[in-house]
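For reference, the structure is listed below as structure tokens.
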Amino acid sequence: MTNTRLCRTFQTAPAGVPRDDSAKYLVSGLAAEGWQAPDWLVPDLEDGTAPDLKDEALANVRDLLPEYAPDFAGEIWPRVEWGYDDEATRERGRDQIATLAASVGDHLDGVVVPKVGRLDDVKAAEAAVEAAVQESGREIEMAIIVETARARSDLREIAQFGRDSRLSALVFGPVDYAAELGGRDVGGPEGGPNWPGLYEAMSNEASANDLLAIGGPFDKLFRERAGVTFYNGDEYAAHVEREARVGLDGSWSLHPNQTEQANRIHLPTDAELREAVRKIEAFTEAKDEGTGAVSIDGQMVDEATLKNFENTVETVRAVHDARESQTRECYDADLLERALAVG
Amino acid sequence: MTNTRLCRTFQTAPAGVPRDDSAKYLVSGLAAEGWQAPDWLVPDLEDGTAPDLKDEALANVRDLLPEYAPDFAGEIWPRVEWGYDDEATRERGRDQIATLAASVGDHLDGVVVPKVGRLDDVKAAEAAVEAAVQESGREIEMAIIVETARARSDLREIAQFGRDSRLSALVFGPVDYAAELGGRDVGGPEGGPNWPGLYEAMSNEASANDLLAIGGPFDKLFRERAGVTFYNGDEYAAHVEREARVGLDGSWSLHPNQTEQANRIHLPTDAELREAVRKIEAFTEAKDEGTGAVSIDGQMVDEATLKNFENTVETVRAVHDARESQTRECYDADLLERALAVG
Amino acid sequence: MTNTRLCRTFQTAPAGVPRDDSAKYLVSGLAAEGWQAPDWLVPDLEDGTAPDLKDEALANVRDLLPEYAPDFAGEIWPRVEWGYDDEATRERGRDQIATLAASVGDHLDGVVVPKVGRLDDVKAAEAAVEAAVQESGREIEMAIIVETARARSDLREIAQFGRDSRLSALVFGPVDYAAELGGRDVGGPEGGPNWPGLYEAMSNEASANDLLAIGGPFDKLFRERAGVTFYNGDEYAAHVEREARVGLDGSWSLHPNQTEQANRIHLPTDAELREAVRKIEAFTEAKDEGTGAVSIDGQMVDEATLKNFENTVETVRAVHDARESQTRECYDADLLERALAVG
């Protein structure tokens, strides 16, 4: 987390749905406000949009971005089609990337490429982005969804490729991934597989190569109990907390409620910030007295510990710079002032 | 789990034991019926058979396979001797492989090679299989047991080698593995190490290269409590469920009870199949109306989710084709019919 | 754990602190007795010592080792400065390594190099050690602290480099590591990230290349509850048990209490040793009767299981050879005698 580029939330919105207003969800995402506004909005031309609506979905993105993007506070990253095992799908992906860059390249930050395979396939996707950049003259980055066994197998080399290419972010795709590996929910409290090794590797390789790392969607949006169906807020929060714990920069959202929760959870808690500020202050004082390591509230603190507390403060500052109302709501004025002062 | 080749159970049986009938366990395995019949039977010439009995064990396999194999519904994979750190053991392994191929090659599906080291050692084992195939004219595959630090270190390259070689399956060997790494059961409810990272990697690399992945033996067959010793069925079931959760194709069995439990657990539960069929039906209907993603029973379902449900149905169909009595016992007739219809 | 070189405890002691006696903690470490004496003492010239005191800290090590090292039963491994991302720090590290080797090389076993990056950086550190060895004529080994995303990414290649170089041990540095990845303690019982994948990989790669593997520091030395602050002995014990479970050879200590606990936990428990001895005896008897695998107390035991029990006995013997009072205290005389007899 040397990365203070905000991506607490990666919200996909189908760019075309079979309704009178086929752009209904796309507009909702672009017009969201407050905690429900994602840091990254991902207009979805891939699995969220039915085959018959792909063209209309692309048209929706082209029509609406010029109107909404200028007032959208976050970044915009359409998801295009791709597939390591299907050239026809890749060809559609190349067309979508070229069309988006040419038509609304000024309103995009990048494109999200799903279902990539081994390193060679990621390079092919990046070449399509590079070609679109050359053609359109607009700077566009690339995020990939890690959701195949091949991409997981080559993750280290793929991430290193990201050091000097348009690849800027790794996103996890657990649903396709579970299908490839044959993961199952065999019942019981544990539920399905949750791939802790993949999470650790994604966080590590992103950090080793200055990429962003973003978690996977949580699709059990609602729960039913005793006849009543309700938003599954506890399980989603636990999912996002788990992603934050291992150092992912953000989480995937499928719903405005999820966006609100993930935006909040990827902000340090009041307790985290309070501890960070207090210990930075105390350690700074101890250093002035010539100490290298000192016990503060029972914790042995040294330069390494300090970096963790500084991360906390830097995240708060980054959010404060971009969405001041959010930090003002979360922390009392005195704590926030001390946090901004120690940075 | 694109793999519908059945290997829910990998049951080892010592091919020679110090009894009047030294083939007692081998015959039991070959003659097992119903849920106690393993998908793969592994006559063991390695650790399960004492040094003095190796020759008799090999003779048992040669004598009994022509009689029993034709009626055995599953596959037969003898485990031979091997050792990355001992040439004499490898030489015995080569002889065993050659002898098995020449004498009962028509009744075998492959050989299981234990204690392989780095990629080069796996290639040496595969060369022995290839030589035996050339010599005997019988097609035989190879499974390896991943149970050394070296094999784990090279797992990715070893699995890739499996793409275009006789290597078809990766099996985990936790007992040797724990000894190599120095893992300990320090007491408490967690017990010994359980290597989640290795499990994830094995499932991933097998899937990336179209290999089968099979779990490790659970050796605490019986438990004692308050003076009474009984079959440790709860712990074994939890062990198999954990392997199924991360997408392994099958589990190792040391006992007919374990075979029965693993055969059942590697079949989708009634609840899994019911959910899969219902959601495939509902999603198909939604697609017909032009929807790409739709919320069904609170879950956001799209093409990726669909693949998971299709996996469930495909596994049921594969078992149905091979062991119809098992699927008929597990699912009611209506559900099974719907499952076979949506496939 | 083919490794019986003792390193149950890796205790860092700041080599210079802002007190009248700036060597206070260094002397405490060197003079510690009984269970509080670490197997490895690590005089810290890096984060534990403030910038202004680095020179005095180095002088303390040079002054005190000739006096204390001859009577210190364990090994002595100063931690020098290093940083993959800062040449000036590396230059200080090279000077410290050269100075230590030239002045007190006879009293050192090796140096600990922190914050290494990718393989090339580890090679650069090793070259500094090699140069100091050539210059001074004293044999010195190297341990590295794995605490950057880059080192984790290259861990396999780094460990392989250790096969034929002065690199002898891998140590985990979770505080810097969490800062690099952006790991967080988001509250709740789970606390911060605990990197099970890294632990598994470190244990595996160390075993594959005959290196030692040592866990990371636990910095929450004390806990407060209802106004009273006390030593956090339960959490540290759980931390060390977790490291022992996956096969690490030792644990990091920041305090004499931690050293005592880790020295004890990295000895087999009485129950472990008792089981190991009983089953070795029973299996040996069964082998004499021609059995390859036999069920003992409900567990299926074969040659692979035996290796685990032999590991237990070998660890006890190694500690017995070095610190006989510790094994005599932990096990009754009869059990210890049987253990030494079966080895």
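Chains as they are written, first to last, in the numbering used here: chain A, 1 to 343; chain B, 344 to 686; chain C, 687 to 1029.
We put the CB at the ideal spot given by N, CA and C, even for glycine.
Candidates the options: closest to residue i by CA position
{"i": "residue 120 of chain A", "options": "A/85, A/7 and A/173", "result": "A/85"}
{"i": "residue 412 of chain B", "options": "B/392, B/398 and B/385", "result": "B/385"}
{"i": "residue 452 of chain B", "options": "B/467, B/461, B/440 and B/633", "result": "B/440"}
{"i": "residue 595 of chain B", "options": "B/518, B/632 and B/468", "result": "B/518"}
{"i": "residue 387 of chain B", "options": "B/378, B/377, B/399 and B/376", "result": "B/399"}
{"i": "residue 492 of chain B", "options": "B/460, B/513 and B/484", "result": "B/460"}
{"i": "residue 992 of chain C", "options": "C/970, C/1002 and C/1006", "result": "C/970"}
{"i": "residue 47 of chain A", "options": "A/28, A/83, A/29 and A/60", "result": "A/83"}
{"i": "residue 293 of chain A", "options": "C/815, C/713 and C/740", "result": "C/740"}
Cutoff 8 Å: residue i Cβ touching any chain A Cβ
{"i": "residue 575 of chain B", "result": "no"}
{"i": "residue 907 of chain C", "result": "yes"}
{"i": "residue 589 of chain B", "result": "yes"}
{"i": "residue 839 of chain C", "result": "yes"}
{"i": "residue 881 of chain C", "result": "yes"}
{"i": "residue 687 of chain B", "result": "This structure gives no information on residue 687 of chain B, because the portion of chain B shown stretches from 344 to 686."}
Same chain only: Cβ atoms within 7 Å of residue i, ignoring 5 sequence neighbours per side
{"i": "residue 1016 of chain C", "result": "953 and 956"}
{"i": "residue 516 of chain B", "result": "457, 488, 489, 490 and 559"}
{"i": "residue 655 of chain B", "result": "611, 615, 616 and 619"}
{"i": "residue 282 of chain A", "result": "296"}
{"i": "residue 201 of chain A", "result": "155"}
{"i": "residue 133 of chain A", "result": "101, 139 and 140"}
{"i": "residue 342 of chain A", "result": "277, 280, 281 and 313"}
{"i": "residue 1020 of chain C", "result": "none"}
Supposed close pair residue i, residue j - CB separation, criterion 8 Å
{"i": "residue 691 of chain C", "j": "residue 940 of chain C", "result": "The Cβ separation is near 22 Å, so there is no contact."}
{"i": "residue 18 of chain A", "j": "residue 25 of chain A", "result": "In fact, because the Cβ distance is near 12 Å, the residues do not count as touching under 8 Å."}
{"i": "residue 308 of chain A", "j": "residue 865 of chain C", "result": "5 Å"}
{"i": "residue 129 of chain A", "j": "residue 166 of chain A", "result": "5 Å"}
{"i": "residue 196 of chain A", "j": "residue 539 of chain B", "result": "6 Å"}
Minimum Cβ-Cβ distance from residue i to chain C less than 8 Å
{"i": "residue 6 of chain A", "result": "no"}
{"i": "residue 1 of chain A", "result": "Its pLDDT being 45, under 50, residue 1 of chain A is placed unreliably by the model, and nothing is read from it."}
{"i": "residue 572 of chain B", "result": "yes"}
Cβ shell of residue i (< 6 Å), same chain only, five flanking positions each side left out
{"i": "residue 31 of chain A", "result": "none"}
{"i": "residue 737 of chain C", "result": "none"}
{"i": "residue 2 of chain A", "result": "No answer about residue 2 of chain A holds up, because its pLDDT of 47 lies below 50 and its placement is not dependable."}
{"i": "residue 158 of chain A", "result": "119 and 122"}
{"i": "residue 894 of chain C", "result": "none"}
{"i": "residue 520 of chain B", "result": "490"}
{"i": "residue 263 of chain A", "result": "8, 9 and 35"}
{"i": "residue 663 of chain B", "result": "670"}
{"i": "residue 136 of chain A", "result": "101, 102 and 105"}
Beta-carbon gap between residue i and residue j smaller than 8 Å
{"i": "residue 824 of chain C", "j": "residue 792 of chain C", "result": "yes"}
{"i": "residue 78 of chain A", "j": "residue 259 of chain A", "result": "no"}
{"i": "residue 643 of chain B", "j": "residue 221 of chain A", "result": "yes"}
{"i": "residue 1004 of chain C", "j": "residue 529 of chain B", "result": "no"}
{"i": "residue 641 of chain B", "j": "residue 604 of chain B", "result": "no"}
{"i": "residue 829 of chain C", "j": "residue 857 of chain C", "result": "yes"}
{"i": "residue 900 of chain C", "j": "residue 696 of chain C", "result": "yes"}
{"i": "residue 879 of chain C", "j": "residue 247 of chain A", "result": "yes"}
{"i": "residue 392 of chain B", "j": "residue 436 of chain B", "result": "no"}
{"i": "residue 153 of chain A", "j": "residue 548 of chain B", "result": "yes"}
{"i": "residue 454 of chain B", "j": "residue 404 of chain B", "result": "no"}
{"i": "residue 698 of chain C", "j": "residue 744 of chain C", "result": "no"}
Neighbour flag for residue i against chain B, beta carbons, 8 Å
{"i": "residue 985 of chain C", "result": "yes"}
{"i": "residue 733 of chain C", "result": "no"}
{"i": "residue 843 of chain C", "result": "no"}
{"i": "residue 993 of chain C", "result": "yes"}
{"i": "residue 143 of chain A", "result": "no"}
{"i": "residue 139 of chain A", "result": "no"}
{"i": "residue 809 of chain C", "result": "no"}
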